[in-house]
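Asker:
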Ligand code: NOJ
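Residue numbers (the numbering used here): 286 to 1032.
#1: Listed by chain order, which residues have C-beta atoms less than 5 Å from any heavy atom of ligand 1?
#2: For the beta strand (DSSP E) containing residue 951, name the first residue and the last one.
#3: Which one or two residues does DSSP pair with residue 968 in a beta bridge?
#4: Would you mind working out which of 316, 351 and 368 sits nearest residue 341, comparing C-alpha positions?
#5: What is the residue span of the alpha helix (DSSP H) that residue 1027 lies within?
#6: Quick one: Cα of residue 843 to Cα of residue 950, how far?
#7: Is residue 978 helix, strand or coil when you go by DSSP?
#8: Between which two residues does the alpha helix (DSSP H) holding residue 590 run?
#9: Residue 535 and residue 586 - do their beta-carbons sit closer together than 7 Å?
#10: Excluding five sequence neighbours on each side, which residues of the same chain lie with their C-beta closer than 6 Å to the C-beta of residue 430?
#11: Looking only at C-alpha atoms, which of 773, 598, 537 and 599 sits nearest to residue 578?
#12: Could you tell me which whole alpha helix (DSSP H) segments of length 4 or greater appear in the stretch 454-530?
#13: Assign residue 762 to one of two classes, buried (16 or more other C-beta atoms within 10 Å of its C-beta) or exposed (fewer than that).
#14: Measuring only the C-alpha atoms, how far is residue 790 from residue 818?
#15: Enumerate in chain order the residues of its own chain whose CB-to-CB distance from residue 743 is below 6 Å, with the five nearest sequence positions on each side excluded.
#16: Looking only at C-alpha atoms, which of 505, 670 and 655 sits nearest to residue 497?
#17: Is the stretch 758-774 touching the stretch 448-461, taking contact as three or more C-beta pairs under 8 Å?
#18: Going straight from the alpha carbon of residue 503 to that of residue 517, what length do you get?
#19: Report the option in 900, 515 and 958 whose CA atom is closest to the CA atom of residue 924.
#20: Checking 7 Å against the spacing of the C-beta atoms, do residue 1087 and residue 660 come in under that value?
#21: Is it right to say residue 969 is buried, meaning 16 or more other beta carbons lie within 10 angstroms of its own, or is it exposed?
#22: Please name the residue in 879, 907, 816 and 725 whose C-alpha comes closest to that of residue 860.
#23: Rounded to whole angstroms, what's the CA-CA distance from residue 354 to residue 336? Just pull it up for me.
#24: Going by DSSP, which residues form a beta bridge with residue 272?
#25: On a Cα-Cα basis, can you pick out the residue from 931, 632 and 850 that is closest to residue 992?
#26: How should residue 257 be labelled, buried or exposed, when 16 other C-beta atoms within 10 angstroms of its C-beta is the threshold for buried?
#27: Using a 10 Å radius around the Cβ and a threshold of 16 neighbouring Cβ atoms, would you call residue 982 buried or exposed?
#28: What would DSSP say about residue 302, mapped onto helix, strand or coil?
#29: If the criterion is Cβ atoms closer than 7 Å, does the pair residue 460 and residue 893 meet it?
#30: Whose CA, out of 1020, 621 and 967, lies closest to the CA of residue 251?
#31: Based on Cα-Cα distance, which residue from 573, 444 and 317 lies nearest to residue 512?
#32: May I have the straight-line CA-CA distance separating residue 562 from residue 322, to the nearest angstrom?
#33: Please go through the stretch 377-409 and give each complete beta strand (DSSP E) segment of 3 or more residues, from N-terminal end onward.
#34: Would residue 339 be called buried (16 or more neighbouring beta carbons within 10 Å of its own) or exposed?
#35: Which two residues bound the contiguous alpha helix (DSSP H) that contains residue 1012?
#36: I'd like the span of the beta strand (DSSP E) that includes residue 694, first residue to last.
What follows is the structure, given as structure tokens:
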């Protein structure tokens, strides 16, 4: 027994040494295969098992210890500390027969120790380079504690703000989601997964999860093939092209088939059609949940369905280790298919160089100056200025007295946002702290008014009102506690919780210049608040450096430049409302909107002239996709095309002039939209095809250029991809309401 172990260890060392020198993919696959050849069926299935750790201190729970030692664990989820990670990895590497290292999986969603704004805020930067840098920092920090695999980026398209997980998404647009997903993957994985600061990324949740009916998490999704291809699958395809290491199958049922048992989406599209080389991990117990869905009759059936569909690793159900062996022994599952799954998992371990470097990288890499500067920059670029009456912002640095009010003004935990496991509230710099640091203690007066965002006890309101009375300007920091957003935290009513509306109302009666900074992960129905405050800065849950980032914006050191990645409805009843919708046969307009109270009593029923609107809320949202104000103004003009007619395989240059016509140096995000006027299936009224962040001094102008290829104009009709000849409209501007337009033809 001992000899076998020794021989196997020697063999493994040989494998490892050889791997170091292998340069080609083929060499690596040969090493993977030679390892597979040494593995028993149990050991193979063990690699396909992700263990959920729930004991938060050492020593390792004896049951887990044995499972790892027996080679029954390929990955661990939620090892709680660097010491625990090290110990688990040590058991796998030194005590298991083949010494195969573990994938240490962790939800590193918007930062590891340095917490960046929540993902919807990161999307609002419209700055993929910045998002890439955030992922690089997160990867470096994580790897320095032994984590080598993140369950990010989440790339579900989300068109329903009731869905609590929209906070983790890039919002409603597939192009924006593609750009941000690819940027995060490149940031996490680096040029090469074997770099010491790289970790493996996961494209999740495959697929359609964000389309949960009614915005209620885990709910059924019904997505026609054309929409699946044109919208929901697109970021995943881009992720595969960017060599993402893993893909996570979802919790949702898609058109009747749960996505963790979906042969069509996983086996056919992801693996066969797109040639995905990484591995598929199920979402948490979603293999087991095939039974709950009523899609599998028992655990054996669920295992078979998930595995045959293409799930390679089972997160936390333990169904694979419980059942796969007998499915093979009974001839239901072929061992070659198991080998294929194991090959995918081992390849990622080899790619990460885990056989050589299984443990944490050396040196403390947490919260470096570079990380904190970047975090502050992302806060600045993510905040979206939605209203600025009488240019109340930016505030003068000489202001005498500022009242800081609200339950989020000094809430270091809440400002980190959802899905934070490794960030620490003691590292958060709150708005209150940052404002005091900036203005000095004597010029700042503070009253939270409410203890938390949900407080309904009004006893603190008077103190807040008195505090506001004594100030020249009132800064309100309102929003949500982080736990009111995220997984399974959906809301049917998207209003400020607790007594916050009442507090705003009382403060507004004072007639002082009032600025509201909204700190949340979701899109709240802010229309009723707009009349009560002068400025509204949508600051999201900003993470560690929220306070300093806000200070730069509030006092004009930087101008806001964030843009909305999701449409802001006027009321929940308008949901879903998104800019890239199809036209109806009765498109609405201001003239055609029949206002509820204008209808004569007993008016005649007719279809004539009717359009697609609500009697009470019309058809326009409150703020459109891509919208965001600045302290300056940008003028777009002179839209030009390099050609008026293009043919298939041609590329077009679309250019426009952008000029800063205000008095402040600032960034703007120039956006390119296209409409395919007539299609074999109805095409969206506008589609984002490009964006660029541009910095301009007052009076400065630049030409912004976008390349548009015929490839960018393709769409799926439910059966196949097309580029159809015809007329196209193209716009450049700084929101989806851009009006500067020209036309071209595809022949
Ligand atoms: C369930 C969530 O849906 C998924 O996004 C997450 O990565 C896993 N749990 C692991 O925590």
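All residues carry an ideal CB built from backbone N, CA and C; glycine is no exception.
These numbers come from a predicted model, not from an experiment.
Answerer: Walking through what the data contain:
#1: 392, 436, 568 and 569
#2: The residue you call residue 951 lines up with position 666 of the chain shown. Counting along the chain, the beta strand (DSSP E) containing residue 951 begins and ends at 951-961.
#3: Reading the chain shown from its first residue, position 683 is the one you call residue 968. Partner(s): none; residue 968 has no beta bridge.
#4: Locating residue 341 in the chain shown gives position 56, counting from the first residue. Nearest of 316, 351 and 368 to residue 341, Cα basis: 368.
#5: Working through the chain shown from its first residue, we reach residue 1027 at position 742. Taken as a continuous stretch (DSSP letters only), residue 1027 belongs to no alpha helix (DSSP H), being part of the beta strand (DSSP E) at 1026-1031.
#6: Translated into positions along the chain shown, residue 843 becomes position 558. Translated into positions along the chain shown, residue 950 becomes position 665. Cα to Cα, the separation comes out at about 8 Å.
#7: The count along the chain shown starts at 1 and reaches residue 978 at position 693. Strand.
#8: Locating residue 590 in the chain shown gives position 305, where the first residue counts as 1. Residue 590 -> alpha helix (DSSP H) spans 584-594.
#9: Counted from its first residue, the chain shown places residue 586 at position 301. Counted from its first residue, the chain shown places residue 535 at position 250. In this structure, residue 535 does not lie closer than 7 Å to residue 586 by Cβ.
#10: Within the chain shown, the letter at position 145 stands for residue 430. 367 and 645.
#11: For this step, residue 578 is matched to residue 293 along the chain shown. It is 537.
#12: 459-474 and 519-526
#13: To locate residue 762, count along the chain shown from 1; it is residue 477. Label assigned to residue 762: buried.
#14: Your numbering for residue 790 matches position 505 in the chain shown. Your numbering for residue 818 matches position 533 in the chain shown. Using only the alpha carbons, I get a separation of about 9 Å.
#15: Position 458 of the chain shown holds residue 743. Counting only Cβ-Cβ distances below 6 Å, and skipping sequence neighbours, we find 784.
#16: Within the chain shown, residue 497 is the residue found at index 212, counting from 1. Considering only alpha carbons, the answer is 505.
#17: yes
#18: Walking along the chain shown from the start, residue 503 turns up at place 218. Walking along the chain shown from the start, residue 517 turns up at place 232. Going from the Cα of residue 503 to the Cα of residue 517 covers about 16 Å.
#19: What you label residue 924 is simply residue 639 of the chain shown in a count that begins at 1. Among 900, 515 and 958, the Cα nearest to that of residue 924 is on 958.
#20: Only positions 286 to 1032 of the chain appear in this structure, which leaves residue 1087 out of reach.
#21: Locating residue 969 in the chain shown gives position 684, where the first residue counts as 1. By the neighbour-count rule (16 or more Cβ atoms within 10 Å), residue 969 is buried.
#22: The count along the chain shown starts at 1 and reaches residue 860 at position 575. That would be 907, whose Cα lies nearest to the Cα of residue 860.
#23: Along the chain shown, one-based indexing puts residue 354 at 69. Along the chain shown, one-based indexing puts residue 336 at 51. One C-alpha to the other measures close to 13 Å.
#24: Because the chain spans 286 through 1032 in this model, residue 272 falls outside it and cannot be assessed.
#25: As a position in the chain shown, residue 992 is number 707, starting the count at 1. Nearest C-alpha to residue 992: 931.
#26: Here the chain covers residues 286 to 1032 and nothing more, so residue 257 does not appear.
#27: Against the chain shown, residue 982 aligns to sequence position 697. Flag for residue 982 reads exposed.
#28: Position 17 of the chain shown, counted from the start, is the residue given in the question as residue 302. With a pLDDT of 46 at residue 302, under the threshold of 50, the modelled position of this residue cannot be trusted; read the value that follows with caution. In the structure shown, residue 302 sits in a helix (DSSP, three-state: H, G or I).
#29: As a first step, residue 460 must be located in the chain shown, where it is residue number 175. As a first step, residue 893 must be located in the chain shown, where it is residue number 608. Against a cut-off of 7 Å, the Cβ pair of residue 893 and residue 460 comes out as no contact.
#30: Because residue 251 is not part of the residues shown, which for the chain are 286 to 1032, the question remains open.
#31: As a working note, residue 512 is residue 227 in the chain shown. Ranking the options by Cα distance to residue 512, first place goes to 444.
#32: Here residue 562 refers to the residue found at position 277 of the chain shown. Here residue 322 refers to the residue found at position 37 of the chain shown. Rounded to whole angstroms, residue 562 to residue 322 spans 20 Å at the Cα level.
#33: 388-391
#34: Counting from one through the chain shown, the residue named residue 339 turns up at place 54. Residue 339 comes out exposed.
#35: The residue labelled residue 1012 in the question sits at position 727 within the chain shown. Per DSSP, residue 1012 belongs to no alpha helix (DSSP H); it is in the beta strand (DSSP E), 1011-1018.
#36: Stepping through the chain shown from its first residue, residue 694 is reached at position 409. Element bounds for residue 694: n/a, residue is neither H nor E.
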